[in-house]
Structure formats: C-alpha cells, structure tokens
Amino acid sequence: MSRIDNGTNMPKEMTEQHKNHYKETMSFSELWTNGLLCAFEYVKGPRRPIKSKLNTKSHSTHQANTHKTKKHDDGYSSEPTGFTGGDVIDGAHNIEKHDGSHWVPIGWDRISELVKTVQINGEWEAQQFDVLDDEDERTIADLAAPYWERPAGPVWWCNVAANHPHVSSWLNNASWLHPAISIALRDESRLISERMKHLLYEVPVRVAGGLVFELLGQSVGDPYVKEDDVPVVLRSWQAQNFLITALHQKGETPYLNVLGVIEVQELLSAGGNNIPRTIHEVIALLASRLARWDDRLFRKYIFGEADEVELKFINRRNNEDLNLFIAILNQEIRRLSQQVIRVKWSLHAREEIVFELLQHLRGNTTKMLLEGMRKSTREMLEEQEAVRGRIFTIQDVMQGTKRAWLQDRSTRVTHNLAVFGGCGLILSIITGLFGINVDGIPGSTNTPYAFGLFAGILFFIGIILIIVGLLYFGLKQPITEEQVEVRRLELQELVNMFQHEAETHAQVRKHVSRNNLTVTSGERLLNDANYVVID
Numbered sequence: 001m002s003r004i005d006n007g008t009n010m011p012k013e014m015t016e017q018h019k020n021h022y023k024e025t026m027s028f029s030e031l032w033t034n035g036l037l038c039a040f041e042y043v044k045g046p047r048r049p050i051k052s053k054l055n056t057k058s059h060s061t062h063q064a065n066t067h068k069t070k071k072h073d074d075g076y077s078s079e080p081t082g083f084t085g086g087d088v089i090d091g092a093h094n095i096e097k098h099d100g101s102h103w104v105p106i107g108w109d110r111i112s113e114l115v116k117t118v119q120i121n122g123e124w125e126a127q128q129f130d131v132l133d134d135e136d137e138r139t140i141a142d143l144a145a146p147y148w149e150r151p152a153g154p155v156w157w158c159n160v161a162a163n164h165p166h167v168s169s170w171l172n173n174a175s176w177l178h179p180a181i182s183i184a185l186r187d188e189s190r191l192i193s194e195r196m197k198h199l200l201y202e203v204p205v206r207v208a209g210g211l212v213f214e215l216l217g218q219s220v221g222d223p224y225v226k227e228d229d230v231p232v233v234l235r236s237w238q239a240q241n242f243l244i245t246a247l248h249q250k251g252e253t254p255y256l257n258v259l260g261v262i263e264v265q266e267l268l269s270a271g272g273n274n275i276p277r278t279i280h281e282v283i284a285l286l287a288s289r290l291a292r293w294d295d296r297l298f299r300k301y302i303f304g305e306a307d308e309v310e311l312k313f314i315n316r317r318n319n320e321d322l323n324l325f326i327a328i329l330n331q332e333i334r335r336l337s338q339q340v341i342r343v344k345w346s347l348h349a350r351e352e353i354v355f356e357l358l359q360h361l362r363g364n365t366t367k368m369l370l371e372g373m374r375k376s377t378r379e380m381l382e383e384q385e386a387v388r389g390r391i392f393t394i395q396d397v398m399q400g401t402k403r404a405w406l407q408d409r410s411t412r413v414t415h416n417l418a419v420f421g422g423c424g425l426i427l428s429i430i431t432g433l434f435g436i437n438v439d440g441i442p443g444s445t446n447t448p449y450a451f452g453l454f455a456g457i458l459f460f461i462g463i464i465l466i467i468v469g470l471l472y473f474g475l476k477q478p479i480t481e482e483q484v485e486v487r488r489l490e491l492q493e494l495v496n497m498f499q500h501e502a503e504t505h506a507q508v509r510k511h512v513s514r515n516n517l518t519v520t521s522g523e524r525l526l527n528d529a530n531y532v533v534i535d
C-alpha cells in the first residue's frame, strides 16, 4: 500500500512544485515594476557559536588563517563565508556561524526604506550642480567630492532600466546619491573620469565614497526569429554595502535577455551554500557571468564563422567558378575580420576593467572569480589572434588556388589555340596545294565566280572557327547578384547540415568500402576522381 500511495502522491507533489514556481514568478513580476529589473537584499541567519579544540599545529594554522582573513582598512572581510574568527583561549577558539543566510527579492517599497539608511555627506547640499547638465567637459570624478565611508547598513542590490521614466525620476530625486553619481547612472555617455577620454572604454574609478564602474554584456536575441544581439552597458555604483546597476541598451530590442544577469538573479533566488555574502562578491559574480556569456557568443557567432568559411572553401565543387566562389568568401571574410577586431577591443576593455576591480574589491571569493575572469579573457585574446591567423591563411590559400586555377585555364587555352592553329595550317596547306591560280581548281572551268566562291567558303569556315572559339574560350557574362545569392544559400545549407551533424553527435569517422557502394556511386567516384583505378 505504501508503494501505491507514493505513486499516487507524485503527481500532486509535482503539481505543488509548479504552483510554487508560478507563485514565485508572479511575486517577482508584482515586485519588480516601473523599470526595476531585479532587486535583492541579503538577510543573515541567526548566529550559532561553535567551539573546537586546537592542537599546537592547528593553533599555528589558525593564526596564519587569522592573519589572512583579518578585516582590511575598508571594513570588508577577505573571507566571504559566514565565519568570523574569535580569540583563542586555552587551546580553544569560538567561531560564530550564520545559519540560513539568504537573499530575498525586494521591491520599490523596501528600496525606499533601505536608501534612508545610506550615510551621505552633508556637504553635497551646499554644492551647486546647476551647471552639471550644461557642461559636458566636466567628468563625474571632477564633480564628486571624494571621501571614504566604512561599509555600513544592509547588503542589497537593485538593477534598473536606465531609460524608464520612473527610474530617471527616482535617480534624479535621490538625495542619498551624490548628484554627479545620479547623472552617471542616468547618462551612459557621460565620462566617469578625465582619463577616460584617451580610451575607448571606461575603467572603475573610486569617487564620492564608492566605486563607479561599467560592466559590458549582451542582450541575446531569439535565434529562431533571427533577432540580433544588442550590446548592453551596466553603469554601476557601489558604496558601503549596496550596489545599484543601471542597464543601458545600445540598440533596439523587443525584450531584454541579458543571460549573465539572469543567472545571478536565479542564483540569489535559489539560495544555498554558494550564494554571495558580500556586495563585492555580487559584483564579481555579475562581471564573471556577463563575461562568460560574451565568450560563448563570441565563440559561436564570430569565431565559429571562421570554421564556416573554411568548411565552405574545402567543400567547393571540382568545376567551381572560382571568381564567383572567391567573391562570396571575400565578402564574408571582410565582415568577419571587422567583427574579430571589435571582439579584440571588447576583450581589452574587459581586461582593464578586471584589473581595476581587483584593486578595489576585497574578499577571497571575489578575487578568485576575478582572477578566473582575467585568465579566461587572456585565453579569449589568444583564441582571437588564432582566428585572425586562420583568416589570413584562408585568404592566402584562396589566392594560391585561384592562381593555380588561372594557370590551368591558361594552359587549356594555349592547348586549344594550338589545335585551332593546326586547323588553320590544314586550310593553308589545302590552299597551297591548289595554288594561287584558281583556274587550276578542278571544276572551275567556265565558272567565272570560282575565286569568289572559294574565298567565301574559306571566310565562312574561318568565321565558324572564330565563333566556336569565342563561345568556348571567350569572355563570359559578369556575375549577377542572383548567382551570388543562390550560391550563398547552397553554401549555408552545407554549413547547416554540418552543424546539425555536430549537434546530434553524428559519427565523425566512417569507413566507406567500395564493395558496399552501388554502381552509380562507384561510377560517380571514378568520374570525379583525378586518378585511374587499375584492376
């Protein structure tokens, strides 16, 4: 009976899970409105003291670990876990552990309560910022008075859509934000620092008691409806224990699909032991996830196109018109080269951003994530250089193949011209046999038009030979756009078949025996081959 009961209860449990998931989704949609993309607050669990004995060896190890995990001057603990070291008394030490710490989704109401706890500088109100909107030459770092506040208050993060009217009004009226920081979050085109005018990207800058920085990512389009990926910029502000990220779109898209941010959002919602415990870890996690998805998209859509170009080239037809074929591939290589250069610039910007974040952020987990991100960025740069080398190699091979093709055609034309020369030689021999005196030709007696008739026949034969030569070796019609498009679609179909075999994990190496081939297949192999099979 118990087994039957378990079997009948399974659908109910699954139904309850679906209901809970639906309720959770509905609660998020009710909380995150008016431009609020997502927002979370970190809630610490109750403290539970743990007492453990230490021998001499472990005591020295504890002292070393205590030295490593002591708090920095900025107030952030370098150990992201919920453990804090205590005093060692009589070979024992006490550790306070936070059980059940988790992130909870919050809305505008809770954010309004949290911003009241933000410590602000009283001198902000005395400063005049009326000229800020009119002077584009002044940067954020010039306008924000630098000072340092120790981390205090709740740990929370909110991600907003910068172009939403409610968000613009909220940032504009935020008295707890430095006016320059408010402008920086709303206007992505405003330079963070005067030094940034020499670069093509923004690096993190410490101003007004916090950190202003940018994270780069992409809003991934739906591949089934051929939507383009849209670059996005997360202009961010971190101070004390909170983080605000304003998402700026660099193009038009029907909906946002920033997968890196979505992964962080799902991680915070799910909870568990791997959740970030400081706001610095949230920043590192955001940067790592955004960079990871950029790398995946770069490898698939840009680096993968180099494989497609090579695949199309090696699968060309034996009697392919190389002028048409190389014109198509040169167009793709030109576009691919531009994209690869853009990827290189993006990777260099990411490398500089990671370098600066490593200087400003604290915590072992934070540094581990950023170091892994820097390592993957270097690997992507090396892969990008390899792709550029492959593109140049493909171009060299294409040019060499075209030269060999033209040389082969020249050899054929020379051979056929020799054949035509032989035909003319035969005509000249025939003419020489009869001599210049046409009257000596048999049958020309009493024929006053014999010379004209004979000359006309020679001219007619010569014209026929010239026409045949022009049709076979003469100029061809120029390549039309229809021919280019048709051949491009054929090559794309070849690439799609290759990708389908790769996605379905089809057998790569297949042994083909000639005994298993049909007569037609065997004849086709012999006709296309450049060799002769001797039985």
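Sequential numbering from 1 applies to the sequence shown in UniProt numbering. Just so it is clear, CB atoms sit at the ideal spot from N, CA and C, and this is done for glycine as well.
Per DSSP, which residues does residue i bridge with? Please list them.
i, result
"residue 244", "158, 237"
"residue 39", "158"
"residue 105", "40"
"residue 215", "234"
"residue 249", "232"
"residue 210", "207, 239"
Let's test the definition: count the other Cβ atoms within 10 Å of the Cβ of residue i and tell me whether it reaches 16, buried, or not, exposed.
i, result
"residue 240", "buried"
"residue 384", "buried"
"residue 487", "buried"
"residue 279", "buried"
"residue 191", "buried"
"residue 428", "exposed"
"residue 492", "exposed"
"residue 457", "exposed"
"residue 203", "buried"
"residue 305", "buried"
"residue 168", "buried"
"residue 148", "With a pLDDT of only 41 at residue 148, under 50, the local geometry of the prediction cannot be trusted, and the value read off the model is given with reservation. Exposed, by the Cβ-count rule."
"residue 29", "exposed"
"residue 449", "exposed"
"residue 210", "buried"
"residue 394", "buried"
"residue 400", "exposed"
"residue 197", "exposed"
"residue 500", "exposed"
Could you check how far apart the C-beta atoms of residue i and residue j are, in whole angstroms? I think they sit under 8 Å.
i, j, result
"residue 36", "residue 233", "Incorrect: roughly 18 Å between the Cβ atoms, too far for contact."
"residue 563", "residue 39", "For residue 563 there is no data in the structure shown, the boundaries of the chain being 1 and 535."
"residue 287", "residue 357", "7 Å"
"residue 329", "residue 312", "7 Å"
"residue 294", "residue 218", "6 Å"
"residue 350", "residue 377", "5 Å"
"residue 316", "residue 325", "6 Å"
"residue 333", "residue 309", "6 Å"
"residue 227", "residue 221", "3 Å"
"residue 163", "residue 249", "7 Å"
"residue 362", "residue 101", "Between residue 101 and residue 362 the Cβ distance is about 19 Å, and since that is not below 8 Å, they are no contact."
"residue 297", "residue 264", "Not a contact, Cβ separation roughly 17 Å."
"residue 41", "residue 110", "7 Å"
"residue 340", "residue 314", "That belief does not hold up - the Cβ atoms of residue 340 and residue 314 are roughly 21 Å apart, past 8 Å."
"residue 484", "residue 246", "Going by Cβ atoms, the distance from residue 484 to residue 246 rounds to 44 Å, so no, they are not a contact pair."
At what residues does the beta strand (DSSP E) containing residue i begin and finish?
i, result
"residue 185", "Where residue 185 is concerned, there is no enclosing beta strand (DSSP E), although the alpha helix (DSSP H) it sits in stretches over 179–186."
State the start and end residues of the unbroken alpha helix (DSSP H) segment that holds residue i.
i, result
"residue 203", "Here residue 203 belongs to no alpha helix (DSSP H), and DSSP marks it neither H nor E."
"residue 193", "Where residue 193 is concerned, there is no enclosing alpha helix (DSSP H), given that its DSSP letter is neither H nor E."
"residue 170", "165–172"
"residue 262", "259–270"
Whole runs of the alpha helix (DSSP H) within the stretch 273–332, excluding any shorter than 4 residues:
279–297, 304–314
Counting only runs that start and end within the stretch 344–375, where is the alpha helix (DSSP H) found for 4 or more residues in a row?
none
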